[in-house]
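Sequence positions in the sequence shown follow my numbering and run 1 to 135.
The C-beta atom is built at its ideal place from N, Cα and C for all residues, glycine as well.
Here is the structure we will look at.
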Amino acid sequence: ERLRDLYQRCAIFALPCQILDNGDRDGIPNVLAEAMATGLPVVSTDISGIPELVVHRHNGFLIPQKNPEALAKALGELLQNSALRTSLGQEARNTICQIFDSRQTTQQLKMLFDTSCNPGVHHVDTVSHEPICQA
1 ERLRDLYQRC AIFALPCQIL DNGDRDGIPN VLAEAMATGL PVVSTDISGI
51 PELVVHRHNG FLIPQKNPEA LAKALGELLQ NSALRTSLGQ EARNTICQIF
101 DSRQTTQQLK MLFDTSCNPG VHHVDTVSHE PICQA
């Protein structure tokens, strides 16, 4: 609850991840998904699993790692354009609602098992692709 309140005070969420010299990196940072779920437009780097969540200029901005100029440019554009912030934030929330929809992921997992156990059987995708999150 407290985290949600903190996110709601923000206009943008930035997480400029990088791959360290020893190869250590974030996969898909939970904090990024949390920010997106609250409807914040995000700015992050185009490494690891982050592009699985963030689609550049659709639900956030992806920038190259270790590029402060690109980070500043993305943040500046979002700060100056409230319509873009709103649009990206709405799409960010929709993305999370779709990806983490338990009904949808359960159905997809069931189809995967069915297909693996019965390779010759055709399965129809009956999953609704509408987000389940309420505004």
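| query | result |
| --- | --- |
| Closest to Gln-8 by CA distance: which of Thr-95, Gly-120 and Thr-86 is it? | Thr-86 |
| Between which two residues does the alpha helix (DSSP H) carrying Ala-37 extend? | 30 to 37 |
| So, helix, strand or coil for Gly-27, using DSSP? | coil |
| Which of helix, strand or coil does DSSP assign to Ile-99? | helix |
| If you run the structure through DSSP and keep just helix, strand and coil, what is Leu-20? | coil |
| Does the segment 79 to 97 come into contact with the segment 34 to 54, if we say contact requires no fewer than three beta-carbon pairs (one atom in each stretch) closer than 8 Å? | yes |
| Measure the alpha-carbon distance for Gln-65 versus Pro-16 and round it to whole angstroms. | 7 Å |
| Could you check how far apart the C-beta atoms of Ile-12 and Leu-75 are, in whole angstroms? I think they sit under 8 Å. | 6 Å |
| Have a look at the DSSP bridge pairing and note the partners of Thr-45. | Ile-63 |
| Considering only the beta carbon of each residue, do Thr-45 and Ile-28 sit closer than 7 Å? | no |
| For Leu-32 and Val-42, which I take to be in contact (beta-carbon distance under 8 Å), what is that distance rounded to the nearest angstrom? | 6 Å |
| Taking Cβ positions, are Gly-89 and Leu-53 nearer each other than 7 Å? | no |
| So, with DSSP's three-state summary, where would you put Leu-146? | Residue 146 lies beyond the range of the chain shown here (1 to 135); nothing can be said about it. |
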